[in-house]
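These protein sequences, in sequence, are chains A and B. With the working numbering, the residue at position 331 of the first sequence is 331, and numbering never jumps. With the working numbering, the residue at position 36 of the second sequence is 36, and numbering never jumps. Beta carbons are placed, not taken as given, at the ideal position from N, Cα and C, and that holds for glycine. What you are looking at is a predicted structure, and each value in this text was computed from that prediction instead of being measured. To start, the structure itself, in C-alpha cells.
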Amino acid sequence: MSSKIVNWPLGAVMASVLSVGLPAAAFASEHTPNLSYETVLSGLSDPWDMAFMPDGTMFFTQKCDGLSVLLPDGEVNNLLGMTGSDGYASTADDLFCEGQAGMMGVALDPEFDDNRFLYVYSTSSMAAPGTNRLMRFTVSDDLTAVSDRTDLIEDVPYKPEASDQPFGGPGAHNGGRVRFGPDGYLYLTTGDIHGAEVPQSPTLLGGKVIRIDRDGNAAEGNNAPEGFDPRIYTYGHRNVQGIAFHPETGQPITAEHGPWHSDEITALVPGGNGGWDPRPNMAGRGDCPDGYCGYEPVQMEAMDPAERAEYMPMTDFETYPDAMPPAWDNNGLSQGMSSAAFLTGDQWGAWNGRMVVGLMGIGFGGTPVGQRIDIIDMAEDGLSVHDVTEMPLPMGSGRFRSLVQGPDGNLYAAIDEGDIYRIIPE
Amino acid sequence: MNRAMGFVAGVALMLGASNVQAADISAGEAMYAQACAQCHGRTGRGMASFPSVSGQDAEYIEARLIQYREGEQVGPNSALMIPVAADLSDENITDLSAFIAKTFQ
Chain A
1 MSSKIVNWPL
11 GAVMASVLSV
21 GLPAAAFASE
31 HTPNLSYETV
41 LSGLSDPWDM
51 AFMPDGTMFF
61 TQKCDGLSVL
71 LPDGEVNNLL
81 GMTGSDGYAS
91 TADDLFCEGQ
101 AGMMGVALDP
111 EFDDNRFLYV
121 YSTSSMAAPG
131 TNRLMRFTVS
141 DDLTAVSDRT
151 DLIEDVPYKP
161 EASDQPFGGP
171 GAHNGGRVRF
181 GPDGYLYLTT
191 GDIHGAEVPQ
201 SPTLLGGKVI
211 RIDRDGNAAE
221 GNNAPEGFDP
231 RIYTYGHRNV
241 QGIAFHPETG
251 QPITAEHGPW
261 HSDEITALVP
271 GGNGGWDPRP
281 NMAGRGDCPD
291 GYCGYEPVQM
301 EAMDPAERAE
311 YMPMTDFETY
321 PDAMPPAWDN
331 NGLSQGMSSA
341 AFLTGDQWGA
351 WNGRMVVGLM
361 GIGFGGTPVG
371 QRIDIIDMAE
381 DGLSVHDVTE
391 MPLPMGSGRF
401 RSLVQGPDGN
411 LYAAIDEGDI
421 YRIIPE
Chain B
1 MNRAMGFVAG
11 VALMLGASNV
21 QAADISAGEA
31 MYAQACAQCH
41 GRTGRGMASF
51 PSVSGQDAEY
61 IEARLIQYRE
71 GEQVGPNSAL
81 MIPVAADLSD
91 ENITDLSAFI
101 AKTFQ
C-alpha cells in the first residue's frame, strides 16, 4: 500500500547504476530467511484475492460467495454477497459464479483513508450473456457495509457456453487481478475467454491489461495502437492472473497462465502486444476445435511442451516481431502460474526486492504438478531473470491463487483449498 | 444429468459390491494424495474447475472412474479427468473409491 512513487525514467537510471555494484557488495552478507507460518483463515471456499489496510485489516473475496473483511481482532464481516450466498450485509443479485468466473480481484484505493474506495472484479448477469465488471464501492467507516456501487468497466467479455476445449466449461479465462500501480492508476488483468478473436481485438477488453483512473477513465499514456479502446494498456494476452510492480522501476510485470506449455512472466510496456493469438487459419494453423487454437495441435492428450510452443506459441514473434518478450517461461511448462507480488523489506534478507509467483499446478499430460511459490530475481530491464528459486514452504503446498505482501511485511498466500496463510520471514 | 449418474451408480453397486470389501484404504489414501489431491483438494471438497468428490459412496466414485477410464464424456471438463483415469487399474479404482467414500463425508 505504501509503495514509493518513483518516476520511471529516474527509476530506470537508478536501477542500472545499482546493478553495477550490488550483487557482490550488498547481498553477499545477506541470508535467505527462515520461514514460519500461521493460518489466517481456513475453511473458505475458493478464496481469490486479498487487499490490506495499513493496520492489517484484510479484505478478501471468495469466488462464489462474495466480499468479506477480516478485522485485526479476528472478527469477519461479510460485506457483499452474490447469487446463492447468505449472511452478507448486502447482496448484488447480478453477481454470480460459473466455472473459473465469479468474484475475483480486490484492491483498495491508495487514498482509502480519505475516500474509502474499494474495487472488486466479478462476473455479472446484468447484461446478456454475462460480462465481467470492475466495480467501485465505498466502505463504511465501521467496516460493516459497502455502498455506492459504481461500475467502472461493464463489458469485459465472459464465456457463456461450453466449448470443445480442456477446461471447456462456461466461465473460462477471465484474468481477474486488480491492483494500483505506483503511478496511481488502477490495473485490471483480463483473459481470452477461449475466444480466438479476443486477445488481438482492438475493442474487446478480454486478453488485455487495462489501465484506468479511479473513475474508470483511460490512463494518460496507455499508448495502445490507433483504433484501440484507450483503456487498453497491453493486449495479446491469454489469461493474466498476476500483476506486480517492480519496487525500483515501477514497471508492471505480469504472471500469465500458459496453455499446455509456457507460463510467462512479462514486463509490460505501454501499448505492448503479448503476442497471444489463438485464431484459426493463420500462423501455419488450419481449423481448430470450435474455432479456438489455444490448445492445439493436440488439446486433450500429452505432448512435448516444446512441440506445442512451436505450433501455438504463447508469444508469437513470427507474426508479431515487436511482441513483449517474456522474462521467463517456466522452463517451457504450464503449471498454472497465477498471482505475483514483490517482497520488500530487510526481513526478507537476500530475497528483499525479489518477485514471488504462485503456481496452482494440476499435473496434466506428464507435466510435474508443481504447486509452489517461486522466488524470482528479475533483471532490471525486465527482459530476463537472474535466478528462480522455489520457496521452501513452511506449510503444505496447494493451489496458490493469490499472493500479497501485507502491511506487516509478511507474505499472505491464499490457496483454492480454502486457506489463507501468513508466511513470516525470520 | 444427475438422474443419469444415479442410474450408472446403481448398476455399479450391483456389479461392484464385492470389490469394495477387498479395498486397501491406505493404498487409496497414498494414491489420492499423489494423483488426485492437486485437483480435487486435500479434503475432496473440490475447488476451481474441479468438482467435489466428497459425500459420495464408493459405488458412485467407482462407476465414475470407470466411465472416465473408458474415455466417456461426463461433464464439460471430462478431458482433464480422462487421462488421469486411463492409467488406473481395477485395484486402484477399488482402493481410491473406498478411501474417498470413507474419508470425505
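The beta strand (DSSP E) enclosing residue i, as first and last residue numbers
{"i": "Pro252 (chain A)", "result": "Pro252 to Glu256"}
{"i": "Val369 (chain A)", "result": "Where Val369 (chain A) is concerned, there is no enclosing beta strand (DSSP E), given that its DSSP letter is neither H nor E."}
{"i": "Ser90 (chain A)", "result": "Ser90 to Ala92"}
{"i": "Asp114 (chain A)", "result": "Note, Asp114 (chain A): premise wrong, no beta strand (DSSP E); alpha helix (DSSP H) at Phe112 to Asn115."}
{"i": "Glu390 (chain A)", "result": "Val385 to Glu390"}
Sequence-distant residues of the same chain with beta carbon closer than 7 angstroms to residue i, five excluded per side
{"i": "Val269 (chain A)", "result": "Met324"}
{"i": "Glu296 (chain A)", "result": "Arg285, Cys288, Tyr311 and Met312"}
{"i": "Pro170 (chain A)", "result": "Glu98, Gly99, Lys159, Pro160, Glu161 and Ala162"}
{"i": "Gln427 (chain A)", "result": "In the structure as shown, chain A starts at 1 and stops at 426, and residue 427 (chain A) therefore has no counterpart that could be examined."}
{"i": "Ser49 (chain B)", "result": "Asn77"}
{"i": "Tyr37 (chain A)", "result": "Pro394, Met395, Tyr421, Arg422, Ile423 and Ile424"}
{"i": "Ala172 (chain A)", "result": "Gly99, Gln100, Lys159, Ile193 and His194"}
{"i": "Glu417 (chain A)", "result": "Gly398 and Arg399"}
{"i": "Thr203 (chain A)", "result": "Asp229"}
{"i": "Ile415 (chain A)", "result": "Gly398, Arg399, Phe400 and Arg401"}
{"i": "Ala24 (chain A)", "result": "Any reading at Ala24 (chain A) must be qualified, since the residue scores a pLDDT of 41, below 50, and its modelled position is unreliable; no value is offered."}
{"i": "Gly43 (chain A)", "result": "Gly418"}
{"i": "Thr189 (chain A)", "result": "Gly175, Gly176, Arg177, Val209, Val240, Gln241, Ile243 and Thr254"}
N- and C-terminal bounds of the alpha helix (DSSP H) containing residue i
{"i": "Asp304 (chain A)", "result": "Where Asp304 (chain A) is concerned, there is no enclosing alpha helix (DSSP H), given that its DSSP letter is neither H nor E."}
{"i": "Ser97 (chain B)", "result": "Asp90 to Thr103"}
{"i": "Ala37 (chain B)", "result": "Ala37 to His40"}
{"i": "Ile61 (chain B)", "result": "Ala58 to Arg69"}
{"i": "Met81 (chain B)", "result": "Ser78 to Ala86"}
{"i": "Phe60 (chain A)", "result": "No alpha helix (DSSP H) holds Phe60 (chain A); the beta strand (DSSP E) holding it covers Met58 to Gln62."}
Per-residue contacts from residue i into chain A (C-beta, under 7 angstroms)
{"i": "Ala98 (chain B)", "result": "Those within 7 angstroms of Ala98 (chain B) in chain A number zero; the least Cβ separation is about 23 angstroms."}
Own chain residues within Cβ distance below 6 angstroms of residue i, not counting five before or after
{"i": "Tyr121 (chain A)", "result": "Met104, Gly105, Leu134, Gly176 and Val178"}
{"i": "Glu91 (chain B)", "result": "none"}
{"i": "Ser163 (chain A)", "result": "His194 and Asp290"}
{"i": "Gly363 (chain A)", "result": "Val369"}
{"i": "Asn223 (chain A)", "result": "Pro270 and Gly271"}
{"i": "Thr150 (chain A)", "result": "Arg136"}
{"i": "Asp381 (chain A)", "result": "none"}
{"i": "Ala388 (chain A)", "result": "According to the sequence as given, residue 388 (chain A) is Val; it is not Ala. Closer than 6 angstroms at Cβ, skipping near neighbours: Asp374 and Ile376."}
Listed by chain order, chain C residues near residue i by CB distance under 8 angstroms
{"i": "Met300 (chain A)", "result": "In the structure shown, chain C does not exist; the protein chains are A and B."}
Beta-carbon neighbours of residue i, restricted to chain B and to distances below 9 angstroms
{"i": "Phe400 (chain A)", "result": "Near Phe400 (chain A) there are no residues of chain B at all, since even the closest Cβ is about 12 angstroms away, more than 9 angstroms."}
{"i": "Gln100 (chain A)", "result": "Ala48 and Ser49"}
{"i": "Gly105 (chain A)", "result": "Neighbours of Gly105 (chain A) on chain B: none; closest Cβ ~15 angstroms, over 9 angstroms."}
Contacts that residue i makes with chain B (C-beta to C-beta distance below 8 angstroms)
{"i": "Gln241 (chain A)", "result": "Within 8 angstroms Cβ-Cβ: nothing; Gln241 (chain A) doesn't reach chain B, min ~11 angstroms."}
{"i": "Pro166 (chain A)", "result": "Asn77, Ala79 and Leu80"}
{"i": "His46 (chain A)", "result": "His is not the amino acid found at residue 46 (chain A); the sequence shown has Asp there. Here the neighbours are Met47 and Ala48."}
Beta-carbon proximity list for residue i, same chain, < 8 angstroms, skipping 5 on both sides
{"i": "Thr144 (chain A)", "result": "Asn77, Leu79 and Ala89"}
{"i": "Thr43 (chain B)", "result": "Ser54 and Phe104"}
{"i": "Gly181 (chain A)", "result": "Tyr187, Arg211, Phe245, Gly250 and Pro252"}
{"i": "Val352 (chain A)", "result": "At residue 352 (chain A) the sequence reads Asn, which differs from the Val that was named. Closer than 8 angstroms at the Cβ level, and outside the excluded window around Asn352 (chain A), lie Glu30, Leu343, Thr344, Gly345 and Asp346."}
Listed by chain order, chain A residues near residue i by CB distance under 8 angstroms
{"i": "Arg69 (chain B)", "result": "Here the premise fails: no neighbours, minimum Cβ distance about 15 angstroms."}
{"i": "Gln38 (chain B)", "result": "Gly361, Ile362, Gly363, Val369, Gln371 and Arg399"}
Contact set between residue i and chain B, taken where Cβ atoms lie within less than 7 angstroms
{"i": "Glu417 (chain A)", "result": "Gly41, Arg42 and Met47"}
{"i": "Thr218 (chain A)", "result": "Sequence check: residue 218 (chain A) is Ala here, not Thr. Ordered by position in chain B, no residue passes the 7 angstroms Cβ test against Ala218 (chain A), which lies about 32 angstroms from the chain."}
{"i": "Ala162 (chain A)", "result": "Pro76"}
{"i": "Gly169 (chain A)", "result": "Ser49, Pro76 and Asn77"}
Residue i vs residue j beta-carbon contact at 8 angstroms
{"i": "Pro54 (chain A)", "j": "Pro425 (chain A)", "result": "no"}
{"i": "Leu186 (chain A)", "j": "Val146 (chain A)", "result": "no"}
{"i": "Asp192 (chain A)", "j": "Gly168 (chain A)", "result": "no"}
{"i": "Ile373 (chain A)", "j": "Met355 (chain A)", "result": "no"}
{"i": "Ile243 (chain A)", "j": "Pro230 (chain A)", "result": "no"}
{"i": "Tyr95 (chain A)", "j": "Ile153 (chain A)", "result": "The sequence given here places Leu at residue 95 (chain A); Tyr does not occur at that position. The answer is no: Cβ separation not under 8 angstroms."}
{"i": "Ala255 (chain A)", "j": "Ala327 (chain A)", "result": "no"}
{"i": "Gly274 (chain A)", "j": "His237 (chain A)", "result": "yes"}
{"i": "Ala107 (chain A)", "j": "Ala51 (chain A)", "result": "yes"}
{"i": "Asp419 (chain A)", "j": "Thr39 (chain A)", "result": "yes"}
{"i": "Gly74 (chain A)", "j": "Pro407 (chain A)", "result": "no"}
{"i": "Ala267 (chain A)", "j": "Leu383 (chain A)", "result": "yes"}
{"i": "Ala283 (chain A)", "j": "Glu307 (chain A)", "result": "no"}
{"i": "Ala98 (chain B)", "j": "Met300 (chain A)", "result": "no"}
Proximity test, residue i beta-carbon vs ligand 1 heavy atom, cut-off 7 angstroms
{"i": "Thr190 (chain A)", "result": "Within the structure as shown, ligand 1 is missing, as the structure has no ligands at all."}
**OP:** Count the CB pairs spanning the region 394-406 of chain A and the region 340-351 of chain A that are closer than 8 angstroms, and state whether there are at least three.
**Re:** yes
**OP:** Evaluate the contact criterion for the region 95-105 of chain B versus the region 24-36 of chain B: three or more CB pairs, one atom per stretch, below 8 angstroms.
**Re:** yes
Original post:
Any chance the region 275-282 of chain A sits against the region 49-64 of chain B, with 3 or more Cβ pairs inside 8 angstroms?
Top reply: no
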